[in-house]
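Input: a single structure, listed below in structure tokens.
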Amino acid sequence: MTNSHQYQHQLAEDRFGLSVTARLSDAADQLPYDISERLRAARMQALGKRKVALVRTSSQLATAGANGTKAFGHPAWWDRVAAAVPLLALVFGLVAINMIQTENRANELAEIDAALLTDDLPPAAYTDPAFTQFLKISSGQYQ
Amino acid sequence: MATEQELSEFLKSVEKRAFKRSVYHVRNDESALDIVQDSMMKLAEHYGHKPAAELPMLFQRILSNCTLDWFRRQKTRNTLFSNFGDFAQSGEDEEFDLLETLNLQNHSDQTESAESSTQRAQTLHAIEVEIQELPARQREAFLMRYWEELDVAETAVAMGCSEGSVKTHCSRAVHALGIALRAKGITL
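First to last, the protein sequences are chains L and R. The first sequence lines up with residues 162 to 304 when you count with the working numbering. The second sequence lines up with residues 633 to 820 when you count with the working numbering.
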């Protein structure tokens, strides 16, 4: 019962609304000549804009198509990966150079240590100031 | 994708109603023409490639946004030049009412007797005045729902609100119009 009443109420509202706007449509159809003409000119201008927009869109597509990779249909993510490859190669190269240099330096230090330890002279002799003085004097005499 | 012919036909079918709707909102012929022209150009430029079936909804949305933009610009302008703005606005209102009445009478003369055409014009003028008196959202919902013949869901999308709000706005607008027109002795 309530639903039926609401439905009737809604129908009455719709009927009233449509009868009001029917009168408005009459008024809209009878617009002054100058207004109608200006609306027509605006419509023509809008259609002109559409043509410009379409031409711009098609020329952009043509430029993109002439770009090589896109012409072959590669997806966009592939282009990005391809662009990142040189950067990744540079980073890997720098890391590799750093590791090689560290290893070379460690090898050199190991060789010096081995030479010191296998020499006849004990390593503690090099910390003795008198022995250092002796070395200086003896090297001066030989020169 | 809508062809140029379809777009042209669509714009032709809506331009007059769009103009009158804008007039009811902004109460000024020149501004209403600007709003309709902007809306048409935006539709053609940005959505000209859309299917013809989507054009009505897109146009309603664009027209609403353009009208809203106009009110924002007016607000800014009135804030900057409040004295001059108020003075100019009141002058335009008076001119609009007078011209509207005269134009309607002139056109009605061609097909009807003087008495009935006058009465018809007076009724129409009264309806237009009462529609202009409605709150903006109620007016927008009422005109979209009953003049543009969008359903509740489409009106809600175009207005950016819920379907319940659209029903409420429409119902209030219908009741306000009914009471106001009955008070003036107008029956439809």
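Beta carbons are placed, not taken as given, at the ideal position from N, Cα and C, and that holds for glycine. Note that the structure is a prediction, hence the values are computed from the model and not measured.
Taking all protein chains shown into account, do 16 or more other C-beta atoms lie within 10 angstroms of the C-beta of ASP725(R), making it buried, or fewer, making it exposed?
At ASP725(R) the pLDDT is 43, less than 50, meaning the model places this residue with poor confidence; the figure from the coordinates comes in the next sentence. Exposed, because fewer than 16 other Cβ atoms sit within 10 Å of the Cβ of ASP725(R).
I'd like to know whether the C-beta of LEU172(L) is nearer than 7 Å to at least one C-beta of chain R.
no
Using a Cβ-Cβ distance cut-off of 7 Å, determine whether VAL181(L) contacts chain R.
yes
Could you please tell me which residues of the stretch 791-817 of chain R, in chain order, have their CB closer than 9 Å to any CB of chain L?
LYS799, CYS802, SER803, ALA805, VAL806, HIS807, LEU809, GLY810 and LEU813
Just how far apart, CA to CA, sit SER186(L) and HIS681(R)?
29 Å
Roughly how many angstroms lie between the CA atoms of THR711(R) and PHE774(R), to the nearest whole one?
30 Å
Secondary structure of ALA650(R), DSSP reduced to three states
helix
Per-residue burial, THR279(L) [other beta carbons within 10 Å of its own, 16 or more giving buried]:
exposed
Just to confirm, are ARG709(R) and ALA790(R) a CB contact at a threshold of 7 Å?
no
Using only alpha-carbon positions, find the residue among SER794(R), ILE667(R) and GLU662(R) that is nearest to ALA650(R).
ILE667(R)
Using the Cα positions of SER654(R) and TYR168(L), report the straight-line distance between them to the nearest angstrom.
32 Å
Any residues in the stretch 764-781 of chain R with a beta carbon nearer than 8 Å to a beta carbon of chain L? Which ones, in chain order?
PHE774, LEU775, ARG777, TYR778 and TRP779
Quick test of the definition: if touching needs 3 or more C-beta pairs under 8 Å, does the stretch 765-783 of chain R touch the stretch 798-810 of chain R?
yes
Rounded to a whole number of angstroms, what is the C-alpha to C-alpha distance between ALA237(L) and LEU675(R)?
30 Å
Give the DSSP-derived three-state secondary structure of HIS681(R) in the structure shown.
coil
May I ask you to report which of helix, strand or coil DSSP gives ARG659(R)?
coil
Interface residues of the stretch 181-207 of chain L facing chain R [CB-CB below 9 Å]:
VAL181, THR182, ALA183, ARG184, LEU185, SER186, ASP187, ALA188, ALA189, ASP190, GLN191, LEU192, PRO193, ILE196, SER197, ARG199, LEU200, ARG201, ALA202, ALA203, ARG204, MET205, GLN206 and ALA207
Among LEU179(L), HIS166(L), ASP175(L) and LEU200(L), which one has its Cα closest to the Cα of SER645(R)?
LEU200(L)
Whole angstroms are fine: how far does the CA of GLN751(R) sit from the CA of LEU643(R)?
32 Å
Compare the Cα-Cα distances from ALA684(R) to each of TRP702(R), GLU786(R) and LEU639(R) and report the closest residue.
LEU639(R)
Distance check for VAL216(L) and LYS231(L), CA to CA, integer angstroms please.
For LYS231(L), the predicted model reports a pLDDT of 49, less than 50, meaning its position is unreliable; a value from the coordinates is still stated below. Distance between the alpha carbons of LYS231(L) and VAL216(L): 20 Å.
Under 8 Å by Cβ, that's how I've got GLN754(R) and TYR656(R) pegged, so tell me the actual separation to the nearest angstrom.
Between TYR656(R) and GLN754(R) the Cβ distance is about 18 Å, and since that is not below 8 Å, they are no contact.
State the start and end residues of the unbroken alpha helix (DSSP H) segment that holds ARG777(R).
Counting along the chain, ARG777(R) falls outside any alpha helix (DSSP H), and DSSP gives it neither H nor E.
Once the 5 residues before and after ALA788(R) are set aside, which same chain residues still bring their CB inside 8 Å of it?
SER794, GLU795, SER797 and VAL798
Any C-beta of chain R sitting closer than 7 Å to the C-beta of ALA176(L)?
Sequence inspection shows Arg at residue 176(L); the Ala mentioned does not correspond to that position. So, not an interface residue.
Let me confirm a value: ARG241(L) is counted as buried when at least 16 other C-beta atoms fall within 10 Å, else exposed. Which label applies?
exposed
Using 7 Å as the threshold, is the C-beta distance between ALA188(L) and LEU756(R) below it?
yes
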